[in-house]
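Asker: Using the numbering used here, you'd call the opening residue of the sequence shown number 2 and step up by one each time.
All C-beta atoms in this analysis are idealised placements derived from N, C-alpha and C, irrespective of residue type, glycine included.
I'd like to ask you about the structure that follows.
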Amino acid sequence: MSDAPIEISVREVKNLLDSGDKFLLLDCRQQNEYDFAKIEGAVLIPMNELPERISELEPFRETPLVVHCHLGGRSLRVTHWLRQNGFPQAQNMTGGITQWSVEIDKSVPTY
């Protein structure tokens with residue numbers, strides 16, 4: 002399986018973004034949620050579209066892949082699904098975009 006913990010904090014994700022290391026920040030919310038509030042650099046693939054669009058994630062099969070949603074529930078389910086489908090470095094961003102707004106970037110709207 003993976004040595005990476007299943008959960009990652011918003012501060013750790015911010016450090017990853019700042020470091021310039023190769024990783025994917027995957028937003029699994031719906032388009033309307035993404036349009037309302039997003040983290041710069043995140044790639045939107047809604048949870049219900051993931052099975053058909055998994056090939057888009059191929060370049061990140063062996064690299065860190067951080068999934069986020071609104072509060073962390075959907076993204077945790079997506080993280081488990083990704084790990085079961087050959088993405089051992091997939092991690093859930095605890096607290097979702099709401100926690101990101103609270104701790105990292107208050108300009109990101111909450112809902």
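Straight-line CA distance for Gln84 to Lys107?
Answerer: Correcting the residue identity first, residue 84 is Arg in this sequence and not Gln. Distance between the alpha carbons of Arg84 and Lys107 is about 31 Å.
Asker: On the three-state DSSP scale, how would you describe Met2?
Answerer: Since pLDDT at Met2 reaches only 47, below the 50 mark, its modelled position is unreliable, and no value is offered.
Asker: Ordered along the chain, which non-local residues of its own chain (more than five positions away) have a Cβ less than 8 Å from that of Gln92?
Answerer: Cβ within range, chain order: Ala5, Pro6, Ile7, Glu8, Ile9, Pro65, Leu66, Val67, Val68, Thr80.
Asker: Where Gln90 and Thr99 are concerned, what is the direct C-alpha to C-alpha distance, given to the nearest angstrom?
Answerer: The straight-line gap from Cα to Cα measures roughly 23 Å.
Asker: In terms of residues, what are the limits of the beta strand (DSSP E) holding Gln92?
Answerer: Element bounds for Gln92: 91-94.
Asker: Using 8 Å for Cβ pairs, my map puts Gly96 next to Leu58. What's the rounded Cβ distance?
Answerer: About 23 Å separates the two Cβ atoms, so there is no contact after all.
Asker: Suppose contacts are defined by Cβ-Cβ distances below 8 Å. Is Asn86 in contact with Ile55 by that definition?
Answerer: It is a contact, given that the beta carbons lie within the stated cut-off.
Asker: Pick helix, strand or coil for Val44, following the three-state DSSP scheme.
Answerer: The answer is strand: DSSP assigns Val44 an E or B state.
Asker: So is Arg30 buried or exposed if we call it buried at 16+ other beta carbons inside 10 Å?
Answerer: Buried, by the Cβ-count rule.
Asker: Using three-state DSSP, classify Asp28 as helix, strand or coil.
Answerer: Here Asp28 sits in strand by DSSP.
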